[in-house]
Amino acid sequence: MCEKSVEAHGLVSDPRSLAQALESLRGAEAVALDTEFIRTDTYYPCLALIQISDGQTTWLIDPLAFDRDELEPLISLLKDRQVVKVLHSCSEDLEVLRHALGVLPEPFFDTQVAAAFVGLGFSLSYQALVREVEGVQLDKHETRSDWLQRPLSPEQLRYAAEDVEHLLAIHQTLRDKLISLERFSWFEQDMDIMLKAAGEEARPEDYYQRVKGAWKLNRQSLAVLRRLCNWREQEARTRDRPRNRIVADKELLQLAMGQPRSWQQLSALGASSGRDKAGLHPRVLRVYGDQLLALIEQARADAPESYPQVLPKPVPREQGGLMKQCKRLVQQKADSLDMAVEILVRKADLSFLLQSAVEGRANLSERIETTWRKGLVGDQLLALVGEGLAANSNAVQAEEGAK
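Just so you know, this note's numbering puts 304 at position 268 of the sequence shown, and the rest follows in order with no gaps.
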């Protein structure tokens, strides 16, 4: 758990200083925002520092020095829709702010996403973006620092300040570019999608869908995996421990596949563990063995009609050629726009399209169907997949007819 700091040197660490800092920001149209946090031994990120800049002055706010209600003035700023909050690669910042302060900055502008929209590259680091746009080389030595230590070192404070000092200038450059390319409305749609996703707490009972290899399981085995994952997720949240410090995904998958019903069978799974073999860690057996057996029995008692549906399988190998055609189409469109291809269409979007087509009806992913992407490339992908599947079907029929 995060510990409250006793001292804070060189930081905004009392209500009066915080009020003065926020008063200085009154009337600003945009502020640069960043956070530092630690997430090595906890389920939830542990907020350690909040950096805010108006382009002239930078404030480093120590959240560990305040009670939650003392940060209400800051929370009001983050919620102020008249002030754009400028962040870089903000998905983790959104998560930590939601958990620690119960707020999401709105509206916000992610400079990493904006850079991809205007052709500067996908998933560009802050240091690379500052170098590209501002021509400044930043130090990144403090990236893995212990941000919960107090006092923070001068190097840490300097690094933290640099993380926001260039953001507003970059924001203006990228915003102007988005407008000149007539892509600002596209960008705003993606910001809305990110905000919506950040505000939704993942349901523990749905985590099984994220387990690698879960698509191999039948419905009954998926019911077991669902119950195990649901328990593990709630255990991790309650104890504030990383998921894999409870039971690893691969171990839950092994349990769902083997479904041991006794300590002898459970121990046999543990005995199979090794560097290259699936199995249960001895600690898992010792601490959670009885619970795991009980959970498996509960899942086995579930009514068949309550079983989850099987998960989509990977795109069949015989559709590999069609996948390549889709990727080629998307790449050509991205090149013509001078835009990062990953912003336009991701591999997961193409897999969803081809999987749905193989199952009977081609559908676009929500990310394409409900945004600017549909008219730009989505309809073309639907047509290409329809033609490709028809051609493959005709070829198979012709081959069978020739036999």
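Backbone N, C-alpha and C fix where the C-beta goes; we use that ideal spot for every residue, glycine too.
*Are the beta-carbon atoms belonging to D98 and L123 less than 8 Å from one another?*
Against the sequence shown, residue 98 aligns to sequence position 62. Against the sequence shown, residue 123 aligns to sequence position 87. Not in contact: D98 and L123 (Cβ atoms no closer than 8 Å).
*asked:* On the criterion of 16 or more Cβ atoms from any shown chain inside 10 Å, does S298 qualify as buried, or is it exposed?
replied: Position 262 of the sequence shown holds residue 298. Here S298 is exposed: its Cβ has fewer than 16 other Cβ atoms, across all protein chains shown, within 10 Å.
*On the DSSP bridge assignment, give the partners of F220 in chain order.*
On the sequence shown, residue 220 is found 184 positions in, with the first residue counted as 1. None, per the DSSP bridge assignment.
*Same chain, Cβ closer than 7 Å to V377, five either side skipped, listed in chain order*: As a first step, residue 377 is located in the sequence shown; it is residue number 341 there, counting from the start. If we look at V377 and ignore the five residues flanking it on each side, its Cβ neighbours are V366, Q367, A370.
_For E72, report the span of its beta strand (DSSP E) as first-last._
Here residue 72 corresponds to residue number 36 of the sequence shown, with the count starting at 1. DSSP places E72 in the uninterrupted beta strand (DSSP E) bounded by 66-74.
_C362, DSSP secondary structure in three states_ = Position 326 of the sequence shown, counted from the start, is the residue given in the question as residue 362. Under the three-state reduction of DSSP output, C362 falls in the helix class.
*What number of angstroms, rounded off, separates the C-alpha of R311 from the C-alpha of D285?*
Along the sequence shown, read from residue 1 onward, the residue named residue 311 stands at position 275. Along the sequence shown, read from residue 1 onward, the residue named residue 285 stands at position 249. Model confidence at R311 stands at a pLDDT of 44, short of 50, so the residue's coordinates are unreliable; what they give is reported in the following sentence. Between the alpha carbons of R311 and D285 lies a gap of roughly 16 Å.
*Assuming W408 and Q225 make a contact with CB atoms under 8 Å, what is their CB distance in whole Å?*
Within the sequence shown, residue 408 is the residue found at index 372, counting from 1. Within the sequence shown, residue 225 is the residue found at index 189, counting from 1. That belief holds up - the Cβ atoms of W408 and Q225 are roughly 6 Å apart, short of 8 Å.
*Specify whether the stretch 128-137 and the stretch 225-240 touch according to this definition: at least 3 beta carbon pairs, one from each stretch, less than 8 Å apart.*
Note that the stretch 128-137 touches the stretch 225-240; at least 3 beta-carbon pairs, one per stretch, sit closer than 8 Å.
*Mind checking whether A304 and V200 have CB atoms under 8 Å apart?*
As a first step, residue 304 must be located in the sequence shown, where it is residue number 268. As a first step, residue 200 must be located in the sequence shown, where it is residue number 164. Not a contact, by the Cβ cut-off of 8 Å.
*Alpha carbon of P141 to alpha carbon of K121, nearest angstrom*: Position 105 of the sequence shown, counted from the first residue, corresponds to residue 141. Position 85 of the sequence shown, counted from the first residue, corresponds to residue 121. Between the alpha carbons of P141 and K121 lies a gap of roughly 6 Å.
*Taking 8 Å as the cut-off, decide whether the C-beta atoms of W95 and A64 are in contact.*
If you number the sequence shown from 1, residue 95 lands on position 59. If you number the sequence shown from 1, residue 64 lands on position 28. Remark: C-beta atoms of W95 and A64 do not approach each other more closely than 8 Å.
*asked:* If I measure Cβ to Cβ from R167 and keep anything under 7 Å in the same chain, skipping five residues before and after, which residues do I get?
replied: On the sequence shown, position 131 is the one that residue 167 refers to. In the same chain as R167, and ignoring 5 residues on each side of it, the C-beta atoms closer than 7 Å to its own belong to Q173, in chain order.
*Sorted by chain position, which residues of the same chain lie with C-beta nearer than 6 Å to R219's C-beta, five sequence neighbours on each side aside?*
Counted from its first residue, the sequence shown places residue 219 at position 183. Excluding positions up to five away in sequence, the list reads F153.
_Residues near E241 in its chain [Cβ-Cβ closer than 7 Å; skip 5 each side]_ = Numbered from its first residue, the sequence shown carries residue 241 at position 205. Its chain contains R262, N266 as the residues whose beta carbon lies nearer than 7 Å to that of E241, once the 5 sequence neighbours on both sides are disregarded; these appear in chain order.
*D182 (DSSP reduced to helix, strand or coil)*: The residue given as residue 182 occupies position 146 in the sequence shown. It is coil, neither helix nor strand.
*What's the gap between the Cα of Y79 and the Cα of P278?*
Counted from its first residue, the sequence shown places residue 79 at position 43. Counted from its first residue, the sequence shown places residue 278 at position 242. Looking at the backbone, the Cα of Y79 and that of P278 are separated by about 4 Å.
*Alpha carbon to alpha carbon, how far is V119 from R62?*
Position 83 of the sequence shown, counting from 1, holds the residue named residue 119. Position 26 of the sequence shown, counting from 1, holds the residue named residue 62. In a straight line, the C-alpha of V119 is about 9 Å away from that of R62.
*asked:* According to DSSP, is T93 part of a helix, a strand, or is it coil?
replied: Taking the first residue of the sequence shown as 1, we reach residue 93 at position 57. Looking at T93 - three-state DSSP - the assignment turns out to be coil, as it is neither helix nor strand.
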